[in-house]
Amino acid sequence: MASEDEQSDESLAGAGVPTPAGAFPGGGELFRLDARVAHLNHGSFGAVPVPVARAQRHIAAEAAADPDAFFLGVGDRLADARARIAARLGADPEGIALVTNATEAAHLALDALGLTPDDEVLVTDHGYGTVVDAVARRARPVTVPLDPALPDEDAVRETVLAALTPRTRVAVLDQITSPTARIVAGPRLLADLAERGVTTVVDGAHAPGMLAAPLEGGPDLWFGNLHKWGYAPPGSAVLAVAPALRGRVPAPVPSWEDHRGFPRAVEYRATADYTGLLAAPEGLDLIAALGAERVRAHNSALAAHGAELLARLPGVTPLPGDDRLALRALRLPSRVARTKPEADALREEIMLRLGCRVLVWPWPGGGGIRVCGQIYNHPEEYERLARGLGSLLDGA
Ligand SMILES: Cc1ncc(COP(=O)(O)O)c(C=O)c1O
């Protein structure tokens, strides 16, 4: 689907750029993605590997064959799935609940804190829209601006700490920011905030399956999607809660398990589709079977390769990258993607003309682009994006 408009600029085709090992053996065959498209945006919605989709279908077939047996036993099966997920994440199985997605988890986490409209809650301007909105519905968000070019995690930490006031009660921070691919809520910042008596809520939407120790630093409340980097079906996420707060997390749908409290009250929501959550452990098991370290190294190297190619385009500036992450972000020229409609239009143009899926994020003074690496990607896809984007941005 590459467009005729693509530059034939040989300099972009990898010269001088350390090319990662190439394709992850068998990686592409594990997914049923449209091969005409370069899927460089795993971070937005994830993708479900074939064995995980198959496991989900088997569970759905069981439910269809004997609905009574399935729904009468589903609470216990969720507890088993939770224990397997907890073991993979290094979490206490009684300290996590299986939920639908990061957005739902954010609402439940904030409800546990009994916020009032006068409470000051620290957020950053890299925070995810629906999560910051969840804060604004309950309390007074105080937004810390983080210069996307801040050199490292320490500089981010110092900027956040400098924004605290004596009225800051809670900090809602990303573990990995969505647009800019930065680590904010690292273990050192979490320890500093705890020392200052600030309750920490960590948006770890991207952490499961990407970070080796997603719960590192012991935040008071943490949530992460399994359906992004954890290879789980859509609608699979985890909310982790410190012991003192567990009894305060409300059930999203109070139902027959409500009297059992956290986590079962949160997980059981009457007659619903539980097949994704029940199949979710298969995703984390698959990563372990492939070699979690190997998957991480491959994904990070591919994303870095993509960022190096894009950084050669005039006016495109890489943001500090982190080897632990499978995504990288770059700023676009100053007249590009300044607003959401401009960013959305460029994202669609990149898809229509280059056949590449990427995230384009708006930012005053010039937005940015984010590329991801996943085991189904290969270096040529980033080369195609870089060549084509050069033409699209020409004259911007
Ligand atoms: C940092 C971050 N938080 C929250 C979310 C929301 O995830 P969900 O749509 O699963 O609720 C996303 C989704 O991309 C995200 O990147």
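Mapping of the sequence shown onto full-length UniProt numbering: position 94 corresponds to residue 94, and the numbering continues sequentially without gaps. Using N, Cα and C, we set each Cβ at its ideal position, and we do this for glycine too.
Residue i versus the options, residue with shortest Cα-Cα distance
i, options, result
"Gly43", "Asp152, Ser300, Ala288", "Ser300"
"Pro187", "Thr180, Ala343, Ile176", "Ile176"
"Asp147", "Pro364, Val52, Gly26", "Pro364"
"Pro234", "Glu348, Phe45, Pro25", "Phe45"
"Gly368", "Asp203, Leu211, Glu257, His126", "His126"
"Gly276", "Ala63, Leu310, Arg88, Pro25", "Ala63"
"Pro51", "Ala69, Gly73, Gly28", "Gly28"
"Leu327", "His107, Ile183, Thr143, Val336", "Ile183"
"Pro145", "Asp119, Ala136, Leu173", "Leu173"
"Thr200", "Thr180, Ala240, Pro208, Ala213", "Ala240"
"Ala91", "Leu108, Val253, Ala212", "Ala212"
"Pro25", "Gly321, Leu354, Glu349, Leu290", "Leu290"
"Asp80", "Leu72, Pro93, Gly373", "Pro93"
"Ala53", "Phe71, Asp68, Ala38, Leu33", "Leu33"
"Asp394", "Pro243, Leu150, Val336", "Val336"
"Val253", "Arg82, Gly224, Thr130, Thr100", "Thr100"
"Gly95", "Arg248, Ala303, Val74, His206", "Arg248"
"Asp76", "Cys372, Pro362, Asp322, Tyr268", "Tyr268"
"Pro141", "Ala297, Asp154, Arg167, Leu313", "Arg167"
Chain C within 8 Å of residue i, Cβ atoms only
i, result
"Ala53", "No chain C appears in the structure shown, which is made up of a single protein chain."
Near ligand 1: residue i beta-carbon under 7 Å from a heavy atom
i, result
"Thr103", "yes"
"Ala64", "no"
"His206", "yes"
"Val131", "yes"
"Ala87", "no"
"Ser178", "yes"
"Asp273", "no"
"Asn225", "yes"
"Val111", "Position check: residue 111 holds Asp in this sequence, whereas Val was assumed. Not under cutoff, so the answer is no."
"Tyr231", "no"
"Asp34", "no"
"Asp125", "no"
"Asp174", "yes"
"Ala237", "yes"
"Asp203", "yes"
"Ser44", "yes"
"Tyr376", "no"
"Tyr382", "no"
"Tyr268", "no"
Cβ-Cβ distance between residue i and residue j below 8 Å
i, j, result
"Leu40", "Arg357", "yes"
"Arg294", "Ala329", "no"
"Ala105", "Ala232", "no"
"Ala191", "Val202", "no"
"Leu284", "Ile59", "no"
"Asp152", "Pro318", "no"
"Pro263", "Gly230", "no"
"Val135", "Val156", "no"
"residue 403", "Leu286", "In the structure as shown, the chain starts at 1 and stops at 396, and residue 403 therefore has no counterpart that could be examined."
"Leu354", "Met210", "no"
"Arg138", "Leu108", "no"
"Ala265", "Asp258", "yes"
"Ala303", "Gly204", "no"
"Arg338", "Gly366", "yes"
"Pro362", "Ala345", "no"
Residue i classed as buried or exposed, judged by whether at least 16 other C-beta atoms fall within 10 angstroms
i, result
"Lys340", "exposed"
"Glu158", "exposed"
"Leu78", "buried"
"Gly197", "exposed"
"Arg246", "buried"
"Leu352", "exposed"
"Gly306", "buried"
"Trp222", "buried"
"Arg88", "buried"
"Thr180", "buried"
"Leu113", "buried"
"Ala61", "exposed"
"Thr103", "buried"
"Leu332", "buried"
"Leu389", "buried"
"Thr165", "exposed"
"Leu385", "buried"
"Asp220", "buried"
"Ser8", "Unreliable positioning characterises Ser8 in this predicted model, as indicated by a pLDDT of 37, which lies under 50. The coordinate reading is nonetheless provided below. Its Cβ having fewer than 16 others within 10 Å, Ser8 is exposed."
"Pro379", "buried"
"Ala69", "exposed"
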